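Everything on this sheet refers to the single structure shown next.
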Amino acid sequence: MRNMPSAASSRGIAAIVGVGPNLGLSIARKFAHEGYTVAILARDLGRLSRFADEIAREEKAQVFAIRIDCSDSQSVIEAFEGVLSLGFVEILVYNAYQPLPSYPTSFHDLRIDSFHKSLAVSSVGAFHCAQQVLPGMVERGKGTLLFTGCSASLNGIAGYSQLCKYQLFFLSLLLLLLLLRRVIKLS
Numbered sequence: 012m013r014n015m016p017s018a019a020s021s022r023g024i025a026a027i028v029g030v031g032p033n034l035g036l037s038i039a040r041k042f043a044h045e046g047y048t049v050a051i052l053a054r055d056l057g058r059l060s061r062f063a064d065e066i067a068r069e070e071k072a073q074v075f076a077i078r079i080d081c082s083d084s085q086s087v088i089e090a091f092e093g094v095l096s097l098g099f100v101e102i103l104v105y106n107a108y109q110p111l112p113s114y115p116t117s118f119h120d121l122r123i124d125s126f127h128k129s130l131a132v133s134s135v136g137a138f139h140c141a142q143q144v145l146p147g148m149v150e151r152g153k154g155t156l157l158f159t160g161c162s163a164s165l166n167g168i169a170g171y172s173q174l175c176k177y178q179l180f181f182l183s184l185l186l187l188l189l190l191l192r193r194v195i196k197l198s
């Protein structure tokens with residue numbers, strides 16, 4: 012974990028999992044701008060540290076860079092030990108995914124290890140990350156879980172069977188049903 016010192020946050024922790032140069036970085040920047048202490052998590056700690064420096068400088072916010080491999084349970088546990096040491100995680104954004112080949116793959120040519128890796132990152136990782144923060148949210152009666160996805164989670168895309176965002180969509184629905192009577196928001 013890398014601490015980026017700066018002004019104290021007036022809000023809770025926003026943990027953004029799967030921060031790259033596009034959507035994840037924009038989401039992290041937005042929460043920092045809104046006054047949250049931000050924990051950004053991804054596999055590449057070097058790149059993540061540069062993002063943390065940039066956001067901390069531009070938004071005058073506390074930003075922590077933490078390495079995580081969402082396909083590895085032990086990595087998720089260790090990463091969230093670091094996140095939870097910062098305080099109450101009020102918001103979890105799960106934006107991680109397994110990059111796909113730039114060309115379609117026919118279903119019968121799809122390698123099982125590729126499919127497993129995509130499931131592990133897109134779905135199992137989201138499940139495991141949510142498990143780390145939900146107890147605190149339930150205890151406090153507040154919190155927000157946000158899962159990013161794409162239209163393929165509903166419609167599918169020919170040649171991209173290993174895109175496992177459909178599992179994430181159904182995990183979101185399951186969590187919604189489980190948390191319906193609580194004050195936790197899910198998107």
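Residue numbers 12 to 198, in our numbering, belong to the letters of the sequence shown in order. Glycine residues also receive a C-beta, built at the ideal position from the N, C-alpha and C atoms. The structure presented is a predicted model; accordingly, all values stated were derived computationally and were not measured.
contact_flag[the stretch 66 to 77, the stretch 43 to 52] where n(CB pairs < 8 Å) is 3 or more: When C-beta atoms of the stretch 66 to 77 are compared with those of the stretch 43 to 52, three or more pairs fall below 8 Å, so the two segments count as touching.
Selected residue, minimal CA-CA separation from His-139, among Asp-80, Glu-69, Ser-37: Taking the first residue of the sequence shown as position 1, residue 139 is located at position 128. For the options Asp-80, Glu-69, Ser-37, the alpha carbon positioned closest to that of His-139 is the one of Asp-80.
Continuous alpha helix (DSSP H) stretch holding Ile-123: start and end: Against the sequence shown, residue 123 aligns to sequence position 112. Run containing Ile-123: 123 to 130, per the alpha helix (DSSP H) assignment.
Inter-residue Cα distance where the pair is Thr-155 and Pro-110: Here residue 155 refers to the residue found at position 144 when the sequence shown is read from its first residue. Here residue 110 refers to the residue found at position 99 when the sequence shown is read from its first residue. C-alpha separation (whole angstroms): 26 Å.
As assigned by DSSP and simplified to three states, the class of Ala-50: Residue mapping note: residue 50 aligns to position 39 of the sequence shown, counting from 1. In the three-state reduction of the DSSP assignment, Ala-50 falls in the strand class, which pools E and B.
The stretch 52 to 71 contacting the stretch 125 to 139, beta-carbon criterion three pairs below 8 Å: With a cut-off of 8 Å, the stretch 125 to 139 and the stretch 52 to 71 do not count as touching, because too few Cβ pairs lie within range.
Local Cβ density within 10 Å of Arg-40, reported as buried at 16 or more and exposed below that: Position 29 of the sequence shown, counted from the first residue, corresponds to residue 40. It counts as buried.
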